[in-house]
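Single-structure report; data block below.
There are 2 protein chains.
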Amino acid sequence: VKRSEGLKTACIGCGVIGASWAAAFVKAGHTVRLFDPAQSALNQALAEINVVIKGATGGDAKPGQGTAIGRVFVAASIEEAVRDADYVQESIVEDVDVKRRLFKQLDEFAPSSAVLASSTSEIQPSRFLEDLAGRDRCLVAHPISPPHLIPLVELCGSPWTTGMVIERAAAFLRGIGSEPIILRREIPGFILNRLQMALIREAMGLIDTGICSAADVDKVVRLGLGRRWAILGPFEAGHLNSRLGYSDYIMKFRDSMSSLFRALSVQNDIDLRLINRIDQELRLRVPLSKISEQQTQRDIRLSKLGEHLSTSIAVDHRDEAT
Amino acid sequence: VKRSEGLKTACIGCGVIGASWAAAFVKAGHTVRLFDPAQSALNQALAEINVVIKGATGGDAKPGQGTAIGRVFVAASIEEAVRDADYVQESIVEDVDVKRRLFKQLDEFAPSSAVLASSTSEIQPSRFLEDLAGRDRCLVAHPISPPHLIPLVELCGSPWTTGMVIERAAAFLRGIGSEPIILRREIPGFILNRLQMALIREAMGLIDTGICSAADVDKVVRLGLGRRWAILGPFEAGHLNSRLGYSDYIMKFRDSMSSLFRALSVQNDIDLRLINRIDQELRLRVPLSKISEQQTQRDIRLSKLGEHLSTSIAVDHRDEAT
């Protein structure tokens, strides 16, 4: 990973995540080689990459973007996809053994200078890298879907990944407009999914005990927490809640926080009866026949929100991004 | 609460929340009587209401807003504030006994047709309403701060509150542009703070165990979860993650969700050493001397985000709001 554009990248596995990564890479000026054993996945990915390049929000394509699709290549094999690569992003099925076998091939075929990254949202990298010769140049780069529209990427090395490799991956991702954060060591669920699952577990508890509907939870998050959190994370938000800062803010609510912690749901199993109840409620709001259309709406709105937020970022966050 | 504007409202307690409610009420065309025993709070509130009326985002005042401040009155007593009121919003200190005494006065002085609402974020309404003669017309209307910029309001009745009173409060709040949701019964922390605290507890655990910094958590939430959740709540987001809907999506991740639930932090006490560490980190990012300026920035960005989102709401949510 040498320069800020014109790098050779490879996307292995071309589902929703792989296609979105490929679109982000090519938009940033890199070439992308796609590999997926399923021709249907490749066709779908090429169509999605085209939509992104042309501007999913309906705006005009920017100068140079007309030729971007010319930097996308379909590879006939994993070897062909990665043999010249500077950066490889794996987005295949979430299966430790399948990933272990794939990373063995990637390590064998990719130049020794290439960084090899996995999109896994749930598998600790040591679980599929332990026996790999080139495990020092492999890591997890976990995006929040879809990565061409949401900037956050979690970088998580294995115990053998070098700091230099993590920094090279971070630099590459910043170059495509992502905002990587780096975990200090590996942990199940990384950060984002642990935070998300903590909230979802409590939400499921509230629905299960009859306090509210799934629609109520969605409104509380969308019109309350999400609106605040799109601008400020929970700690900076707390810090700004008192002119004396975070400690002062927390001390006022210490006892009620502590008793709320005690009152939170402790349910560990996924209750299928509850999941079905939530599913039925959601189908009344968005029938399965409308999901595809709503996915398009979601991506348009995410794209517009990203544009809006990038023009209204406060000074402290601008500094942080540099 | 009879018509959609021109109602007589009262705000008792004029701190940040009370002043923001007052601004929202007066912007919607109602008259507001303010009461606070502290003259300094009243002065600050009047200044903040003026800023909101004039347009905190720097835009031009809309027609009619020039006269809005003429609908704000300072009352010399609680009786004067509420004696003609259609809707009363209490935003005083979070203390059960103080609220109990205040609601006794509100119930005595306000017309029997008035709705009496508390802004409490943490006290179940039965705790201060149990012995009140007019407890059937009282409820919690818990905003997310500041209520003139964030639409969500949680309505939570006591066991004695009538459904009609809750509906009248909901109609009044919809009339000022809020989006009320109604809890089916009272519960500590209502919904928003339980969801928020579930996430914050896990975030504190991640910082405490050295996985990441508070800044990392803030980035994960702001650039990842918050961006998604400003558009879609967690259940509708999951539903759109599979063309076969929510159950299908969850079933793919059922085992890893369940094992993540088991791995989440179970810390119940607020660790002051950790709070101080987070506080120190936050002061490096935003020194106490800059908090006031950053609060202003936050409110400007919240206001602009609200405007942006109100023009990019998908069809399903438009329907929901009507």
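Residue numbers (our numbering), protein chains in the order written: chain A, 774 to 1095; chain B, 774 to 1095. Note that CB positions come from ideal geometry on N, CA and C, so glycine has one too.
Using a C-beta cutoff of 8 Å, does residue i count as contacting chain A?
{"i": "Q812(B)", "result": "no"}
{"i": "V990(B)", "result": "yes"}
{"i": "D981(B)", "result": "no"}
{"i": "N816(B)", "result": "no"}
{"i": "L965(B)", "result": "yes"}
{"i": "R856(B)", "result": "no"}
{"i": "K1077(B)", "result": "yes"}
{"i": "R1074(B)", "result": "yes"}
{"i": "R908(B)", "result": "no"}
{"i": "V825(B)", "result": "no"}
Run through DSSP, which three-state label would residue i get?
{"i": "H921(B)", "result": "coil"}
{"i": "A801(A)", "result": "coil"}
{"i": "Q763(A)", "result": "Residue 763(A) cannot be examined here, being either before or after the span of chain A that is shown, 774 to 1095."}
{"i": "S891(A)", "result": "strand"}
{"i": "Q1070(A)", "result": "helix"}
{"i": "D833(B)", "result": "Low per-residue confidence applies at D833(B): pLDDT is 46, beneath 50, and the placement is therefore not dependable, though the value from the model is reported in the following sentence. Correct three-state label for D833(B): coil."}
{"i": "E903(A)", "result": "coil"}
{"i": "I1023(A)", "result": "helix"}
{"i": "F963(A)", "result": "coil"}
{"i": "N816(A)", "result": "helix"}
{"i": "T1095(A)", "result": "Because the pLDDT of T1095(A) is 38, which lies under 50, any placement of that residue in the model is unreliable, and the question is left without a value."}
{"i": "A883(A)", "result": "coil"}
{"i": "W933(A)", "result": "coil"}
{"i": "N1041(B)", "result": "coil"}
Name, please, each residue of chain A whose Cβ falls closer than 9 Å to the Cβ of residue i.
{"i": "K781(B)", "result": "Per Cβ cutoff of 9 Å: no residues; K781(B) is ~27 Å from chain A at best."}
{"i": "I1051(B)", "result": "F1008, G1011, H1012, Y1019, S1020 and I1023"}
{"i": "S1085(B)", "result": "I1073, R1074, K1077, L1078 and H1081"}
Below 7 Å on C-beta distance, what does residue i contact in chain A?
{"i": "R844(B)", "result": "What R844(B) touches in chain A: nothing, since even the nearest Cβ is about 26 Å away."}
{"i": "R900(B)", "result": "Neighbours of R900(B) on chain A: none; closest Cβ ~12 Å, over 7 Å."}
{"i": "A987(B)", "result": "F1008"}
Using a Cβ-Cβ distance under 8 Å, would residue i count as near chain B?
{"i": "R1046(A)", "result": "no"}
{"i": "S793(A)", "result": "no"}
{"i": "Q897(A)", "result": "no"}
{"i": "H803(A)", "result": "no"}
{"i": "A796(A)", "result": "no"}
{"i": "L1055(A)", "result": "yes"}
{"i": "G831(A)", "result": "At G831(A), the pLDDT of 47 sits below 50, so the modelled position is not reliable; the number obtained from the coordinates is stated separately. By this cut-off, G831(A) is not an interface position."}
For a contact defined as C-beta to C-beta under 8 Å, what are the partners of residue i on chain B?
{"i": "P1007(A)", "result": "Q969, L972, I973, A976, V990, D991 and V994"}
Using a cut-off of 9 Å between C-beta atoms, extract the partners of residue i located in chain B.
{"i": "V1059(A)", "result": "E1009, H1012, L1013, G1018 and D1089"}
{"i": "P961(A)", "result": "S1029, S1032, L1033 and A1036"}
Give the residues of chain B in contact with residue i, contact being defined as C-beta atoms less than 7 Å apart.
{"i": "R958(A)", "result": "I984"}
{"i": "G999(A)", "result": "G999, W1002 and A1003"}
{"i": "I1043(A)", "result": "I1023, R1027, M1030 and S1031"}
Check the DSSP bridge columns for residue i and list the partner residues they point to.
{"i": "I955(A)", "result": "L928(A)"}
{"i": "V1059(B)", "result": "Bridge partners of V1059(B): none, in fact."}
{"i": "R806(B)", "result": "A783(B) and F846(B)"}
{"i": "D996(A)", "result": "According to the sequence shown, residue 996(A) is Leu rather than Asp. DSSP output for L996(A) lists no bridge partner at all."}
{"i": "P916(B)", "result": "V926(B)"}
{"i": "Y860(A)", "result": "T782(A) and V888(A)"}
{"i": "C911(A)", "result": "L889(A)"}
Say the cut is 7 Å; is the CB of residue i nearer than that to a heavy atom of the ligand SAM?
{"i": "L1017(B)", "result": "Of the ligands one can find in the structure shown there are none, so the ligand SAM has no counterpart to examine."}
Closer than 8 Å by beta-carbon distance: list the chain A residues that pair up with residue i, in chain order.
{"i": "S1065(B)", "result": "R1016"}
Original post:
Any residues in the stretch 1026-1041 of chain B with a beta carbon nearer than 9 Å to a beta carbon of chain A? Which ones, in chain order?
Top reply: Answer in chain order: F1026, R1027, D1028, S1029, M1030, S1031, S1032, L1033, F1034, R1035, A1036, L1037, S1038, V1039, Q1040 and N1041.
Original post:
Going along the chain, which residues of the stretch 912-925 of chain A sit with their C-beta nearer than 8 Å to a C-beta in chain B?
Top reply: Here the close residues are I917, S918, I923, P924 and L925.
**OP:** Compile a chain-ordered list of the residues in the stretch 860-886 of chain B whose CB is closer than 9 Å to at least one CB of chain A.
**Re:** Going along the stretch 860-886 of chain B in chain order, one finds E867 with a Cβ nearer than 9 Å to chain A.
**OP:** Could you name the residues of the stretch 940-954 of chain B whose beta carbon sits closer than 8 Å to any beta carbon of chain A, in the order they occur along the chain?
**Re:** Listed in sequence order: E952 and I954.
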